[in-house]
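Engineer: Have a look at this one before I ask anything.
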Amino acid sequence: ATDPFGGDAMKRQPRRRTIGDVAAAMPYFAVSVVAALLMYEVVVVGTMSQRLVGVVSGVILVAALVIVRLVLAERAVAAAADARILQERRFRTLVQESSDATIVLDPSGMVRYASESCNRVLGRASGELEGQPVTILGGTGAESLRRAAESPVGGESIHWTLNRSGGDRHLESVVSDLRLSEDVGGVVLTTRDVTERIELERRLQVAHKLDALGLLAGGVAHDMNNLLMSVQVNAELLGE
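The following block contains the structure:
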């Protein structure tokens with residue numbers, strides 16, 4: 160299997176012999192030795208000693224127990240492998256179906272992985288982005304995204320705009336520095352479209368300004384009313 164992020168973390172290395180491999184081969188070696196002894200006793204000596212019968216029985220019993228244990232261990236390993244594959248599929252589905260676009264960059268700013276959600280968020284297919292510099296995205300944040308790949312700050316939010324379908328879309332990219340991760344080995348940009356949020360914030364600011372103007376106008380009107388009342392009272396007194 161290859162790293163879903165396009166990295167080198169999961170490239171297969173030459174497999175080395177381990178103690179477990181030797182232990183797994185021991186039952187077969189023991190059975191081979193016993194078979195050789197049996198052949199020697201039967202063919203050469205012509206009979207099988209009582210002592211050899213006991214050794215053969217013991218070896219067969221131990222070999223059977225070891226084989227049973229190996230079978231159980233193999234089943235446990237297979238179950239763990241199935242669970243890992245299921246987890247990887249679940250993770251891949253969550254990433255691909257997420258409303259956020261996930262991009263992994265190498266230190267030079269090249270896109271090593273792009274989720275399918277990039278098509279929805281950025282208007283670019285994942286195959287179109289992978290292997291290209293992140294600046295291919297364009298927009299106001301192209302250089303900021305490139306700098307984030309060179310000198311990432313974990314948790315940093317980059318706000319930028321991108322022109323799509325004749326209109327500007329406001330985007331927010333959160334930087335995650337996973338260069339030391341064996342599974343990722345790069346800088347992850349999690350990007351979402353925040354255009355609606357920005358528009359709501361703008362409308363809220365306008366509403367607050369209108370409320371402030373309303374309060375100011377009400378205060379001025381109240382003060383003017385008090386002033387006019389004073390003028391009216393003084394005019395009535397002078398008229399008397």
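Numbered according to our numbering, the sequence shown spans residues 160 to 399. Where is the CB? At the ideal position from N, CA and C, for every residue including glycine. Just so you know, these numbers come straight off a predicted model, no measurement behind them.
1) Decide if the segment 359-369 is in contact with the segment 285-294; the criterion is three or more beta carbon pairs, one per stretch, under 8 Å apart.
2) With distances taken from CA atoms, which of Thr299, Val263, Asn385 is nearest Asn322?
3) Ile226 to Ala232, Cα distance in whole Å?
4) Over what stretch of residues does the beta strand (DSSP E) that includes Ser335 continue unbroken?
5) Relative to the ligand NAP, is the shortest distance from any of its heavy atoms to the C-beta of Ile244 smaller than 7 Å?
6) Which parts of the segment 219-303 are runs of the alpha helix (DSSP H), unbroken and 4 residues or longer, counting only runs that do not cross its ends?
7) Between the Cα of Gly313 and those of Gly297, Ser332, Asp327, spot the shortest distance and give me the residue it belongs to.
8) Would you kindly work out how many angstroms separate the C-alpha atoms of Met383 and Gly373, rounded to a whole number?
9) If we ignore side chains and look at the alpha-carbon of each, how far apart do Ala307 and Val379 end up?
10) Buried or exposed for Arg356, going by 16 or more other Cβ atoms inside 10 Å?
11) Is it right to say Ala237 is buried, meaning 16 or more other beta carbons lie within 10 angstroms of its own, or is it exposed?
12) Do Gly326 and Val263 have their C-beta atoms closer together than 8 Å?
13) To which residues of the same chain is Leu304 closer than 6 Å at the C-beta, ignoring the five residues directly before and after it?
14) How should Arg362 be labelled, buried or exposed, when 16 other C-beta atoms within 10 angstroms of its C-beta is the threshold for buried?
Structural biologist: Taking the definition as stated:
1) no
2) Thr299
3) 10 Å
4) 326-337
5) For the ligand NAP, the structure offers nothing, since it holds no ligand at all.
6) 277-280, 285-288
7) Ser332
8) 15 Å
9) 51 Å
10) exposed
11) exposed
12) no
13) Val293
14) exposed
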